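Q: Let me give you the structure first, and then I'll get to my questions.
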Amino acid sequence: DEAEQLILGQRLQLGYSPDPPLYTWLQIPLLRLFGEGVVALSLLKNLLLFGLYACSWFVARHAGLGRDQAALAALSLLLLPGIGWESQRDLTHTVLVTTLAAATLWAALALLDGRRGWGQYLLFGLLLGLGLVSKWNYWLFAAALLVSLGSLEPRLLFNRRFAAAGLLALLVAAPFLLWMISNLEVATATSYKLESTTGGYWIHFSKGLYSLVKSSLEFAALLLLLFLALFRPWRQPASADPASRPPGLRLLLRLFWVTLGILVLFLVVSGGTVFRSRWMLPLLHFLPVLLFALAGPGIWQPRAVRRYQGALLLVMLLIPVGLAARVYLAPLTGNYTKPHFPGAELASGLRRVAGAAPLVVAQNTFIGGNLKPYLPAALVAAPRVDFPLHRLYRQRGGPVLLVWNADESPAVPEAVTVYLERRLGPGLPPPGRSGVIERPYRLSDGRSYRLGWQLLGAD
1 DEAEQLILGQ RLQLGYSPDP PLYTWLQIPL LRLFGEGVVA LSLLKNLLLF GLYACSWFVA
61 RHAGLGRDQA ALAALSLLLL PGIGWESQRD LTHTVLVTTL AAATLWAALA LLDGRRGWGQ
121 YLLFGLLLGL GLVSKWNYWL FAAALLVSLG SLEPRLLFNR RFAAAGLLAL LVAAPFLLWM
181 ISNLEVATAT SYKLESTTGG YWIHFSKGLY SLVKSSLEFA ALLLLLFLAL FRPWRQPASA
241 DPASRPPGLR LLLRLFWVTL GILVLFLVVS GGTVFRSRWM LPLLHFLPVL LFALAGPGIW
301 QPRAVRRYQG ALLLVMLLIP VGLAARVYLA PLTGNYTKPH FPGAELASGL RRVAGAAPLV
361 VAQNTFIGGN LKPYLPAALV AAPRVDFPLH RLYRQRGGPV LLVWNADESP AVPEAVTVYL
421 ERRLGPGLPP PGRSGVIERP YRLSDGRSYR LGWQLLGAD
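Once you know that position 42 of the sequence shown is 42 in UniProt numbering, the rest is easy, because the numbers rise by one and skip nothing.
Spelled out as structure tokens, the structure:
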């Protein structure tokens with residue numbers, strides 16, 4: 001995902017790919033300021049993660065938790081694999097949409113707690129609009145939140161201020177929505193994210209429901225295991241009567257059940273059979289807060305709190321150790337992953353054999369994004385990216401350089417050929433020189449990456 005941002009971040013556009021563009025819009029200024037590298041990529045993601053923890057703390061406060069209790073609930077996000085592990089290893093849009101979902105939930109809780117001026121409503125509308133252009137599953141979260149909020153306090157939604165908030169949300173999302181209408185083929189090319197299998201309707205539904213349950217358990221297993229084992233809430237006195245719960249807690253509980261209902265309805269309508277646990281993040285990111293708030297004050301025994309803090313500290317230490325182990329133990333395990341890609345060495349070899357081509361088309365965004373920092377003068381594209389290639393080729397001139405994984409395909413992959421034919425049409429330059437560059441993986445024990453290349457339009 002981060003390699004993709006190095007490609008998308010070359011140009012400011014209303015849309016780029018099936019994913020909404022907000023993450024790239026935020027990434028572009030940092031790429032211009034800090035250069036095309038790890039600093040710009042890491043800075044944005046970690047700012048978003050900080051925002052997620054901060055918003056979760058405020059959500060916990062609205063749910064009735066004290067300051068220290070809210071901090072522990074917010075830090076428990078580390079126990080969700082998508083936040084603690086996957087966000088450090090990969091993920092871009094998922095981090096953004098989860099942060100915006102948390103911020104939107106905080107704004108909704110503020111409305112519920114009495115902050116109902118024009119400013120609060122407009123903030124709510126702004127966050128809704130930004131969420132709509134962050135990632136598609138935010139739409140499910142927004143639907144669940146509005147249903148929950150409207151059923152709990154209808155007056156919050158049926159007034160002029162909410163109408164203005166809705167209008168603001170549409171205005172914020174309008175540029176991308178208009179682009180999407182004009183580029184439906186690109187914007188709706190999401191079959192790779194929603195898999196189906198052959199069979200009847202009920203077979204599809206049962207497989208989808210099984211996948212949803214499995215993904216939910218993967219999403220929450222570590223959090224539930226530590227929470228139940230260390231706090232033992234069933235041994236504590238019963239929590240307050242449901243009617244006396246803070247409004248914020250009642251909203252979170254209702255949002256939880258409405259979200260599950262919408263997910264089941266989504267499977268019924270879509271016919272999908274595979275559901276990924278990371279898709280749950282924006283929808284149920286508030287689960288740690290909900291667990292702590294529902295358990296009541298009886299769980300806050302000093303011994304249990306110290307044990308839980310120790311478990312969180314251990315997880316904090318294990319995450320960087322695990323990330324480092326993936327990289328530095330590869331010669332022992334033989335499992336070479338994305339961090340081992342020899343981008344600098346391959347780019348240097350390309351410059352020697354193919355020259356400085358002004359336009360590079362890669363087999364995928366991973367290859368293109370990892371080469372881009374070392375080909376600063378070239379514009380790098382890939383089949384999944386909606387760049388105006390015909391216009392860019394006319395502006396830049398010169399040969400087009402194609403690159404791909406030579407172990408997967410000895411010749412130019414069909415996806416690259418189709419992409420070029422669609423984007424350049426009759427202006428497709430004739431094929432020229434070609435070859436394969438081989439460079440060892442980083443920290444390699446002798447294994448190499450083989451990059452195929454071909455020039456189009458070269459003398």
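All C-beta atoms, glycine included, are put in the ideal place defined by N, C-alpha and C.
As the structure is a computational prediction, the values presented were derived from the model and not from experiment.
#1: Given a threshold of 16 other Cβ atoms within 10 Å of its Cβ, counted over all protein chains shown, does G322 qualify as buried or as exposed?
#2: With 16 as the cutoff for other CB atoms within 10 Å, does A325 come out buried or exposed?
#3: If you compare alpha carbons, which of P297, F266, T273, S270 is closest to A283?
#4: Evaluate A173 with the Cβ neighbour count: other Cβ atoms within 10 Å of its Cβ, from every protein chain shown; 16 or more gives buried, anything less gives exposed.
#5: In its own chain, which residues sit with a C-beta less than 6 Å from the C-beta of A103, not counting the 5 before and 5 after it?
#6: Counting only runs that start and end within the UniProt domain "Glycosyltransferase RgtA/B/C/D-like" (20 to 179), where is the beta strand (DSSP E) found for 3 or more residues in a row?
#7: Under 6 Å Cβ to Cβ from A347, same chain only, skipping five residues before and after it: list those, please.
#8: Assuming P20 and L112 form a contact by the criterion Cβ under 8 Å, report the distance between their Cβ atoms to the nearest whole angstrom.
#9: Between the segment 276 to 291 and the segment 39 to 49, do at least 3 Cβ pairs fall closer than 8 Å?
#10: Tell me whether the segment 390 to 399 and the segment 443 to 454 touch, counting them as touching only if at least three CB pairs, one residue from each stretch, are closer than 8 Å.
#11: Measuring only the C-alpha atoms, how far is G84 from L146?
#12: Measuring alpha carbon to alpha carbon, tell me which of P154, R161, L170, G119 ends up nearest L130.
#13: Among the candidates T273, P413, P429, L318, whose CA atom is the shortest distance from the CA of S215?
#14: Short of 8 Å in beta carbon distance, which residues of its chain neighbour S134, apart from the five on each side in sequence? Order them along the chain.
#15: Counting only runs that start and end within the segment 346 to 415, where is the alpha helix (DSSP H) found for 4 or more residues in a row?
#16: Is L402 near A378, with beta carbons less than 8 Å apart?
#17: In three-state DSSP terms, what is V274?
#18: Tell me the DSSP secondary structure of Y336 in three-state form.
#19: Three or more C-beta pairs closer than 8 Å, one from the segment 334 to 349 and one from the segment 427 to 436: is that the case here?
#20: Report the three-state DSSP secondary structure of L251 (helix, strand or coil).
#21: In three-state DSSP terms, what is W202?
#22: Can you list, in chain order, the residues of its chain with a C-beta nearer than 8 Å to that of Y138? Leave out the 5 residues immediately preceding and following it.
#23: Would you say the beta carbon of A108 comes nearer than 7 Å to a heavy atom of the ligand ZN?
#24: Consult DSSP for Q5 and reduce its assignment to one of helix, strand or coil.
#25: Have a look at G355 and G397 and give me their C-alpha separation to the nearest angstrom.
#26: How is Y16 classed by DSSP in three states: helix, strand or coil?
#27: What is the DSSP secondary structure of S182, reduced to helix, strand or coil?
#28: Here's the rule I'm using: 16 or more other beta-carbon atoms within 10 Å means buried, otherwise exposed. How should A330 be labelled?
#29: Using a threshold of 8 Å, state whether the C-beta atoms of W118 and R161 are closer than that.
#30: Per the DSSP calculation, L456 is bridged to which residue(s)?
#31: Please go through the same chain and pick out, in chain order, the residues whose beta-carbon is closer than 6 Å to the beta-carbon of G369, but skip the five residues on each side of it.
#32: Mapping the DSSP letters down to three states, classify P302 as helix, strand or coil.
#33: How far does the alpha helix (DSSP H) with F292 in it reach, from first residue to last?
#34: Alpha carbon to alpha carbon, how far is R439 from G349? Give it in angstroms, no decimals.
A: The structure says:
#1: Start at 1 with the first residue of the sequence shown, and residue 322 comes out as number 322. Its Cβ having fewer than 16 others within 10 Å, G322 is exposed.
#2: Taking the sequence shown and counting its residues from 1, one reaches residue 325 at position 325. It counts as exposed.
#3: Within the sequence shown, residue 283 is the residue found at index 283, counting from 1. In the sequence as displayed, the identity of residue 283 is Leu instead of Ala. Nearest in C-alpha terms to L283, of all of P297, F266, T273, S270, is F266.
#4: By 1-based counting over the sequence shown, the position of residue 173 is 173. Looking at its Cβ environment, which holds 16 or more other Cβ atoms inside 10 Å, A173 is buried.
#5: Along the sequence shown, read from residue 1 onward, the residue named residue 103 stands at position 103. In the same chain as A103, and ignoring 5 residues on each side of it, the C-beta atoms closer than 6 Å to its own belong to C55, L127, in chain order.
#6: The qualifying runs do not exist here; there are none.
#7: Position 347 of the sequence shown, counting from 1, holds the residue named residue 347. Here the set comprises L371, Y374, L375.
#8: What you label residue 20 is simply residue 20 of the sequence shown in a count that begins at 1. What you label residue 112 is simply residue 112 of the sequence shown in a count that begins at 1. With a beta-carbon spacing of about 28 Å, P20 and L112 fall beyond the 8 Å limit used to define contacts.
#9: With a cut-off of 8 Å, the segment 39 to 49 and the segment 276 to 291 do not count as touching, because too few Cβ pairs lie within range.
#10: As far as the Cβ criterion goes, the segment 390 to 399 does not touch the segment 443 to 454, which means the pair count is below three.
#11: Locating residue 84 in the sequence shown gives position 84, where the first residue counts as 1. Locating residue 146 in the sequence shown gives position 146, where the first residue counts as 1. The straight-line gap from Cα to Cα measures roughly 28 Å.
#12: Taking the first residue of the sequence shown as position 1, residue 130 is located at position 130. When each option's Cα is compared against that of L130, the closest is L170.
#13: In the sequence shown, residue 215 corresponds to position 215, counting from 1. Between S215 and the set T273, P413, P429, L318, the nearest pair of CA atoms involves T273.
#14: Sequence index remark: in the sequence shown, residue 134 carries index 134 (1-based). Excluding sequence neighbours, S134 sits near P20, L22, Y23, H93, L96, V97, L100.
#15: The qualifying runs are 365 to 371, 389 to 396.
#16: Here residue 402 is taken as the residue at index 402 of the sequence shown, counted from 1. Here residue 378 is taken as the residue at index 378 of the sequence shown, counted from 1. The answer is no: Cβ separation not under 8 Å.
#17: Indexing the sequence shown from 1 puts residue 274 at position 274. Three-state DSSP puts V274 in coil, outside helix and strand.
#18: Taking the sequence shown and counting its residues from 1, the one referred to as residue 336 is at position 336. In the three-state reduction of the DSSP assignment, Y336 falls in the coil class.
#19: When C-beta atoms of the segment 334 to 349 are compared with those of the segment 427 to 436, fewer than three pairs fall below 8 Å, so the two segments do not count as touching.
#20: Numbered from its first residue, the sequence shown carries residue 251 at position 251. In the structure shown, L251 sits in a helix (DSSP, three-state: H, G or I).
#21: As a first step, residue 202 must be located in the sequence shown, where it is residue number 202. W202: helix per DSSP, three-state reduction.
#22: As a position in the sequence shown, residue 138 is number 138, starting the count at 1. Cβ within range, chain order: V97, L100, A101, G131, L132, P282.
#23: Among the components of this structure there are no ligands whatsoever, and the ligand ZN is therefore not found.
#24: For the purposes of this step, residue 5 is identified with residue 5 of the sequence shown, where counting begins at 1. It is helical.
#25: Counting from one through the sequence shown, the residue named residue 355 turns up at place 355. Counting from one through the sequence shown, the residue named residue 397 turns up at place 397. Cα to Cα, G355 sits roughly 14 Å from G397.
#26: One-based indexing of the sequence shown puts residue 16 at position 16. DSSP places Y16 in coil when its eight states are reduced to three.
#27: Position 182 of the sequence shown, counted from the first residue, corresponds to residue 182. It is helical.
#28: Here the question's residue 330 lines up with position 330 in the sequence shown. So A330 counts as buried.
#29: Indexing the sequence shown from 1 puts residue 118 at position 118. Indexing the sequence shown from 1 puts residue 161 at position 161. Yes, these two residues count as a Cβ contact at 8 Å.
#30: As a first step, residue 456 must be located in the sequence shown, where it is residue number 456. Within the DSSP secondary-structure output, L456 pairs in a beta bridge with V400, P431.
#31: Position 369 of the sequence shown, counted from the start, is the residue given in the question as residue 369. If we look at G369 and ignore the five residues flanking it on each side, its Cβ neighbours are A3, E4, L6, I7.
#32: Here residue 302 is taken as the residue at index 302 of the sequence shown, counted from 1. Helix, per DSSP.
#33: Taking the sequence shown and counting its residues from 1, the one referred to as residue 292 is at position 292. Looking at the DSSP string, the run of the alpha helix (DSSP H) that includes F292 is 287 to 295.
#34: Here residue 349 refers to the residue found at position 349 of the sequence shown. Here residue 439 refers to the residue found at position 439 of the sequence shown. G349 and R439 have their C-alpha atoms spaced approximately 9 Å apart.
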